[in-house]
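Residue numbers (this note's numbering): 6 to 204.
Glycine residues also receive a C-beta, built at the ideal position from the N, C-alpha and C atoms.
In what follows, a single structure is set out as structure tokens and then discussed.
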């Protein structure tokens, strides 16, 4: 990776983010087989365990990506994945993306605390000036969620990426900058307290 950023375990009250590794394959496969959950991702759902292992290997080999497994600490289960990407130490900037969760953990405190842990580490440990997110323009739920936590919608990159089924997608960009972090953190902490627990 770089001297600025590297693999780290991030712990919250409900979530543990672990550096992604091959041992997470079975748990990820168990949660990542629902086609609808991957509708707006660059690729489709896992088709078998070998496919999951290939996805992990690809994530680990992609330059500028730092992937995590999301672990529900109450059950000690791997329930999804997320990552830092577009890492630019020279600009103190990175992106949070590739986030997905098994259906039971979507729209729960697990998702909210995952964002809180990633953003806290980015701004408070790494000293980021900017953290960005991008979403498929069709994914209105994700866009609403980013606005809800206090991210700023910056604009649309048209014909930005070719994703699954050869769809040429537009990407909507959002960001949080360093001066906004205290207010965003307070909002995320409040949302985490109010969020529905998984299960």
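Grab me the residues of residue i's own chain with a C-beta within less than 7 Å of its C-beta, minus the 5 sequence neighbours each way, in chain order.
{"i": "residue 168", "result": "47, 174"}
{"i": "residue 4", "result": "A query on residue 4 cannot be resolved here, the shown segment of the chain reaching from 6 to 204 and no further."}
{"i": "residue 159", "result": "178, 179, 180"}
State yes or no: is the C-beta of residue i nearer than 7 Å to some heavy atom of the ligand ADP?
{"i": "residue 193", "result": "As far as ligands go, the structure on display features none, and thus does not contain the ligand ADP."}
Nearest to residue i by CA position, among the options, is which residue?
{"i": "residue 117", "options": "199, 165, 32", "result": "199"}
{"i": "residue 183", "options": "146, 149, 132", "result": "132"}
{"i": "residue 81", "options": "136, 32, 138", "result": "32"}
{"i": "residue 75", "options": "110, 10, 64, 93", "result": "110"}
{"i": "residue 85", "options": "195, 68, 50, 13", "result": "50"}
{"i": "residue 170", "options": "45, 12, 139, 36", "result": "45"}
{"i": "residue 87", "options": "97, 134, 121", "result": "121"}
{"i": "residue 137", "options": "52, 185, 113", "result": "185"}
{"i": "residue 189", "options": "166, 164, 144, 123", "result": "123"}
{"i": "residue 146", "options": "112, 73, 12, 78", "result": "112"}
For residue i, which residues from the same chain have a beta carbon less than 8 Å from its beta carbon, with the 5 sequence-adjacent residues on both sides left out?
{"i": "residue 161", "result": "142, 175, 176, 177, 178"}
{"i": "residue 27", "result": "58, 61, 62"}
Check for me: the beta strand (DSSP E) holding residue i runs from which residue to which?
{"i": "residue 103", "result": "98-106"}
{"i": "residue 181", "result": "172-182"}
{"i": "residue 89", "result": "82-93"}
{"i": "residue 115", "result": "Premise fails: residue 115 lies in the alpha helix (DSSP H), 114-125, not in any beta strand (DSSP E)."}
{"i": "residue 76", "result": "71-77"}
{"i": "residue 164", "result": "157-168"}
{"i": "residue 22", "result": "20-24"}
Could you round the C-beta distance between residue i and residue j to whole angstroms and report it? I think they count as a contact, below 8 Å.
{"i": "residue 22", "j": "residue 15", "result": "4 Å"}
{"i": "residue 20", "j": "residue 157", "result": "At roughly 25 Å, the Cβ-Cβ gap does not stay under 8 Å, so residue 20 and residue 157 are not in contact."}
{"i": "residue 100", "j": "residue 139", "result": "7 Å"}
{"i": "residue 92", "j": "residue 106", "result": "Between residue 106 and residue 92 the Cβ distance is about 23 Å, and since that is not below 8 Å, they are no contact."}
{"i": "residue 114", "j": "residue 197", "result": "6 Å"}
When burial is assigned at 16 or more other CB atoms within 10 Å of the CB, is residue i buried or exposed?
{"i": "residue 39", "result": "exposed"}
{"i": "residue 89", "result": "buried"}
{"i": "residue 152", "result": "exposed"}
{"i": "residue 67", "result": "exposed"}
Which first and last residues belong to the alpha helix (DSSP H) in which residue i is found?
{"i": "residue 47", "result": "It is not in any alpha helix (DSSP H) - residue 47 carries neither H nor E in the DSSP assignment."}
{"i": "residue 189", "result": "186-199"}
With a threshold of 6 Å on Cβ separation, who are the neighbours of residue i within its own chain once the five nearest residues in sequence on each side are excluded?
{"i": "residue 104", "result": "87"}
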